[in-house]
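Student: In my numbering, the protein residues as written are 2 to 384.
The beta-carbon is built from N, C-alpha and C at its ideal position, and this holds for glycine as well.
Predicted model only: the values in this text are computed from it and were never measured.
1. With 16 as the cutoff for other CB atoms within 10 Å, does residue 216 come out buried or exposed?
2. Could you tell me the distance, in whole angstroms, from the CA atom of residue 62 to the CA atom of residue 185?
3. Find out if the Cβ-Cβ distance for the pair residue 72, residue 33 is shorter than 8 angstroms.
4. Does the beta-carbon of residue 9 have 16 or more other beta-carbons within 10 angstroms, so that it is buried, or is it exposed?
5. Indicate whether residue 291 and residue 300 have their beta-carbon atoms separated by less than 8 angstroms.
6. For residue 36, which residues from the same chain have a beta carbon less than 8 angstroms from its beta carbon, with the 5 sequence-adjacent residues on both sides left out?
7. With a threshold of 7 angstroms on Cβ separation, who are the neighbours of residue 199 within its own chain once the five nearest residues in sequence on each side are excluded?
8. Output yes or no for whether 8 angstroms exceeds the beta carbon distance between residue 235 and residue 244.
9. Can at least three beta-carbon pairs, one atom from the segment 13-25 and one from the segment 171-182, be found at a separation below 8 angstroms?
10. Does DSSP classify residue 242 as helix, strand or coil?
11. Is the distance from the Cβ of residue 165 to the Cβ of residue 51 below 8 angstroms?
12. Where does residue 11 sit, in a helix, a strand or coil, going by DSSP?
13. Which of helix, strand or coil does DSSP assign to residue 18?
14. Is the segment 192-207 close to the segment 314-321, with three or more CB pairs under 8 angstroms?
15. For residue 55, count neighbouring C-beta atoms within 10 Å of its own C-beta (all shown protein chains included) and say buried if the count is 16 or more, exposed if not.
16. Determine, using beta carbons only, whether residue 208 and residue 276 come nearer to each other than 8 angstroms.
17. What's the gap between the Cα of residue 12 and the Cα of residue 274?
18. Which of the three DSSP states, helix, strand or coil, is assigned to residue 6?
19. Do residue 284 and residue 231 count as a contact pair if the criterion is CB distance below 8 angstroms?
20. Quick one: grab the DSSP three-state call for residue 271.
21. Using C-beta distances below 8 angstroms, list every residue in its chain close to residue 364, excluding the 5 sequence neighbours before and after it, in chain order.
22. Sort 162, 148, 74, 75 by Cα distance to residue 40 and report the nearest one.
23. Express the C-alpha separation of residue 150 and residue 307 in angstroms, rounding to a whole number.
24. So which of 206, 224, 205, 220 has the shortest CA-CA distance to residue 213?
25. Using the Cα positions of residue 3 and residue 16, report the straight-line distance between them to the nearest angstrom.
26. Report all residues from its chain with a CB closer than 8 angstroms to the CB of residue 362; omit the five preceding and five following residues, and keep chain order.
27. Check residue 66 in the structure and name its three-state DSSP category.
28. Only counting the same chain, and skipping five residues up and downstream in sequence, which positions put a Cβ closer than 8 angstroms to that of residue 206?
29. Report the residue from 322, 263, 5 whose alpha carbon sits nearest the alpha carbon of residue 190.
Below, the structure is given as structure tokens:
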């Protein structure tokens with residue numbers, strides 16, 4: 002009877018925790034990007050925090066302050082500054098909606114004459130002025146949100162770093178897994194975050210540099226702005242950087258500079274687009290062997306759910322789902338060959354090294370004995 006009462010109290014407590022978590026999540030959802038940014042940065046910088054505190058014997062507050070200032074200087078300020086630079090440049094461009102509509106009408110008329118079809122009408126071209134206004138409003142709102150989330154990320158990251166040792170342990174304590182699977186889950190999460198947090202910026206910077214060099218060579222106006230836009234569009238699945246280089250090349254062709262337009266399109270397709278195809282998957286594969294489909298669909302889902310930081314947490318969500326399924330198959334499906342991992346960090350030496358670095362207890366092999374056998378059998382009851 003007493004046991005049943007304790008069990009019911011446990012369920013009530015879990016229900017209250019879930020209810021409060023849902024209520025809080027609804028309120029902080031607009032600022033979720035800041036919390037996700039802090040979590041991603043914490044996963045990357047936790048090792049540096051441990052080194053400063055445990056090896057150099059710095060105080061927690063000083064160590065966290067130094068790391069946060071370095072993050073602010075080298076990561077968040079450049080990202081926010083580039084965003085506002087692009088917005089300021091774009092907003093300073095004087096776009097006449099009537100001129101844009103007239104240009105589209107001229108192109109449409111040429112197509113209609115050649116193909117004998119009706120492409121555009123004044124009614125379906127009326128969206129152009131509205132689209133321009135809507136785009137600017139979205140841009141301003143997005144940059145304001147990015148600035149607020151950057152401030153939130155700094156504050157949250159500081160307190161996460163100060164509690165670097167107890168925070169991870171507290172999270173893992175409530176997970177209903179064996180210690181071995183907890184260690185795997187922790188290291189897989191870290192490797193996936195590191196892969197996207199390092200790999201995607203490297204791809205974006207490389208493509209931005211290639212775009213800037215090419216546009217300067219071909220004499221494109223506002224080459225720096227277009228290069229920044231190329232870097233930002235690397236996170237968009239499927240179309241990606243073609244949203245920038247394709248209109249530039251087509252614009253040159255429409256203006257009568259056919260040869261230059263063809264060269265710009267070829268440069269965008271082969272050099273900019275080719276570097277994306279090579280770097281995105283090769284570099285990420287070096288960091289963590291995430292399947293291309295996980296990255297592809299993860300970015301689509303993540304951008305819709307979390308905004309900019311969805312490029313990291315979208316693939317992470319899909320990877321964690323696959324990881325949990327593999328854990329279930331490995332522990333409960335008889336004869337299954339599934340391994341409880343998603344990335345290629347599977348060799349024993351790597352696993353041993355990772356677990357030695359982990360503050361959490363790991364399972365060590367023991368000599369066979371009836372007591373150990375019975376304990377192993379009881380441990381097998383949880384994934």
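Tutor: Well, looking at it:
1. buried
2. 30 angstroms
3. no
4. exposed
5. no
6. 29, 153, 154, 157
7. 288
8. no
9. no
10. coil
11. yes
12. helix
13. helix
14. yes
15. exposed
16. yes
17. 53 angstroms
18. helix
19. no
20. helix
21. For residue 364, the predicted model reports a pLDDT of 40, less than 50, meaning its position is unreliable; a value from the coordinates is still stated below. These residues qualify, in order along the chain: 179, 180, 181.
22. 162
23. 12 angstroms
24. 224
25. 20 angstroms
26. In this prediction, residue 362 has a pLDDT of 42, which is less than 50 and means its spatial position is unreliable; nothing more can be read from the coordinates.
27. helix
28. 232
29. 322
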